[in-house]
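K.L.:
In our numbering, the protein residues as written are 1 to 332.
We put the beta carbon where it would ideally sit given N, CA and C, even for glycine.
These numbers come from a predicted model, not from an experiment.
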């Protein structure tokens, strides 16, 4: 199948703050809808339900849009290395990067559909969810393949994406803290690293610039994972504790000799009630693990920005810095 991306010259100008995400959604969603419409009916219904475009019967519904961090990063990275100055309406680097922006978002949702407790698996069954994820993965490479004939970086991009998919599949729960961070790099950092690198590639960046952008994306991915881990433990319902997920703060606490380490290990041997999860979250907080999470996230955000210093000019770093700031604000 071939996905048509429409008029890639009609692209809104980049905007500061959350506007970079809004623009990414505006640019990529029509192509994603076109891709999903090419799927067989049953798979299409499950995928559209996953995206929130319609309910389980296929009836259209309003939805809260996702952040679109990955496609936004592709587009902003492309602008950071090429095209006209950031902020102007005619951005020459962006059109070539749109297929990559669509592809990384499709891969992100492929990974989500592989999770045991995805809403699609609960509604349509595990086999349908897995097949829907596989369909999105195929669509991602189809979108990117359509670009390979018109851009010299097409084959390099396909290889980068396939390597990233392998890392995503490899990522799984870990027992040690060092391995936990390596897993986080595979599960979250790898796709952000790929997104920034593909943006640099299709924006016409030098090898040094692309390497700087990849480093930025990798560190940003770890910061995002830590923010999400913080929400999963201390957010509404404490879902990561209820599902006994071995997230980074959990792995760090278990590896420590802190006051809650033994209590946490015992709690993870059984199902937790709402009250038990709430009390365990409070104990972890009192023992300093929420503060640890905040500090580690901030450290990786600083490291992400440091990656940009060698190859990206200050003016062209602004939207990348805006993305990093918005990631940091998610835990407040």
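Less than 9 Å between the beta carbons of residue 80 and residue 306, yes or no?
P.N.:
Position 80 of the chain shown, counting from 1, holds the residue named residue 80. Position 306 of the chain shown, counting from 1, holds the residue named residue 306. Not a contact, by the Cβ cut-off of 9 Å.
K.L.:
Once you ignore the five residues that flank residue 199 on each side, which residues in its own chain have a CB closer than 6 Å to its CB?
P.N.:
As a first step, residue 199 is located in the chain shown; it is residue number 199 there, counting from the start. Taken in chain order, the residues that qualify are 74, 77, 78, 97.
K.L.:
Please specify which runs of the beta strand (DSSP E), each continuous and at least 3 residues long, are wholly inside the stretch 105-186, giving them in chain order.
P.N.:
If we require 3 residues or more, the stretch 105-186 turns out to have no beta strand (DSSP E) run fully inside it.
K.L.:
Considering only the alpha carbon of each residue, which of 137, 277, 72, 21 lies closest to residue 108?
P.N.:
Reading the chain shown from its first residue, position 108 is the one you call residue 108. Selected option, being the one with the closest Cα: 137.
K.L.:
Classify residue 61 as buried or exposed, calling it buried when 16 or more other Cβ atoms lie within 10 Å of its own Cβ.
P.N.:
Translated into positions along the chain shown, residue 61 becomes position 61. It counts as exposed.
K.L.:
Measuring straight from C-alpha to C-alpha, what distance separates residue 204 and residue 95?
P.N.:
Against the chain shown, residue 204 aligns to sequence position 204. Against the chain shown, residue 95 aligns to sequence position 95. For residue 204 and residue 95, the distance between alpha carbons rounds to 12 Å.
K.L.:
For residue 296 and residue 325, I'd like the C-alpha separation in whole angstroms.
P.N.:
Indexing the chain shown from 1 puts residue 296 at position 296. Indexing the chain shown from 1 puts residue 325 at position 325. Distance between the alpha carbons of residue 296 and residue 325: 15 Å.
K.L.:
Could you tell me how far apart the beta carbons of residue 284 and residue 233 are, in whole angstroms, since I believe they sit closer than 8 Å?
P.N.:
For the purposes of this step, residue 284 is taken as the residue at position 284 of the chain shown. For the purposes of this step, residue 233 is taken as the residue at position 233 of the chain shown. Contact holds; Cβ gap of about 6 Å.
K.L.:
Classify residue 55 as helix, strand or coil using the three-state DSSP reduction.
P.N.:
For the purposes of this step, residue 55 is identified with residue 55 of the chain shown, where counting begins at 1. Residue 55 falls in the coil class under three-state DSSP.
K.L.:
Take residue 111 and list the residues in its own chain whose beta-carbon comes closer than 6 Å to its own, dropping the five residues that flank it on each side.
P.N.:
Translated into the one-based positions of the chain shown, residue 111 becomes position 111. For residue 111, where only same-chain residues beyond five positions count, the Cβ hits under 6 Å are 168.
K.L.:
Short check: CB of residue 274 to CB of residue 237, under 9 Å?
P.N.:
Start at 1 with the first residue of the chain shown, and residue 274 comes out as number 274. Start at 1 with the first residue of the chain shown, and residue 237 comes out as number 237. Yes, the Cβ-Cβ distance between residue 274 and residue 237 is below 9 Å.
K.L.:
For the ligand FAD, is there a heavy atom less than 8 Å away from the beta-carbon of residue 154?
P.N.:
In the structure shown, the ligand FAD is absent, as is every other ligand, since no ligand is present at all.
K.L.:
With a threshold of 16 other CB atoms inside 10 Å of the CB of residue 127, please say whether the residue is buried or exposed.
P.N.:
Position 127 of the chain shown, counting from 1, holds the residue named residue 127. Label assigned to residue 127: exposed.
K.L.:
Please state whether DSSP places residue 60 in a helix, a strand or coil.
P.N.:
On the chain shown, position 60 is the one that residue 60 refers to. Note: residue 60 maps to strand in three-state DSSP.
K.L.:
Within a Cβ cutoff of 7 Å, which residues of the same chain sit near residue 261, ignoring the five residues on either side of it in sequence?
P.N.:
To locate residue 261, count along the chain shown from 1; it is residue 261. For residue 261, where only same-chain residues beyond five positions count, the Cβ hits under 7 Å are 253, 254.
K.L.:
How many whole angstroms separate the CB atoms of residue 68 and residue 42, which I take to be in contact at a CB cut-off of 8 Å?
P.N.:
Within the chain shown, residue 68 is the residue found at index 68, counting from 1. Within the chain shown, residue 42 is the residue found at index 42, counting from 1. At roughly 27 Å, the Cβ-Cβ gap does not stay under 8 Å, so residue 68 and residue 42 are not in contact.
K.L.:
Just how far apart, CA to CA, sit residue 402 and residue 217?
P.N.:
No information on residue 402 is available, as it lies outside the stretch 1 to 332 that the chain covers here.
K.L.:
To the nearest angstrom, how far is it from the Cα of residue 19 to the Cα of residue 26?
P.N.:
Stepping through the chain shown from its first residue, residue 19 is reached at position 19. Stepping through the chain shown from its first residue, residue 26 is reached at position 26. Answer to the nearest angstrom: the Cα atoms are 10 Å apart.
K.L.:
Could you give the C-beta distance for residue 103 and residue 140, rounded to a whole number, given that I count them as a contact under 8 Å?
P.N.:
Indexing the chain shown from 1 puts residue 103 at position 103. Indexing the chain shown from 1 puts residue 140 at position 140. Contact flag correct, Cβ pair sits at about 4 Å.
K.L.:
Which first and last residues belong to the alpha helix (DSSP H) in which residue 300 is found?
P.N.:
Here residue 300 refers to the residue found at position 300 when the chain shown is read from its first residue. It spans 289-308 - the alpha helix (DSSP H) in which residue 300 sits, taken as one unbroken run.
K.L.:
Comparing alpha-carbon positions, which option in 187, 213, 209 lies nearest residue 228?
P.N.:
For this step, residue 228 is matched to residue 228 along the chain shown. Of the candidates 187, 213, 209, the one whose C-alpha sits nearest the C-alpha of residue 228 is 187.
K.L.:
Candidates 279, 157, 206, 56: which alpha carbon is nearest residue 124's?
P.N.:
Here residue 124 refers to the residue found at position 124 of the chain shown. When only C-alpha atoms are compared, the closest one is 56.
K.L.:
Just to confirm, is the Cβ distance from residue 196 to residue 214 under 9 Å?
P.N.:
Working through the chain shown from its first residue, we reach residue 196 at position 196. Working through the chain shown from its first residue, we reach residue 214 at position 214. Their beta carbons are under 9 Å apart, which means residue 196 touches residue 214 by this criterion.
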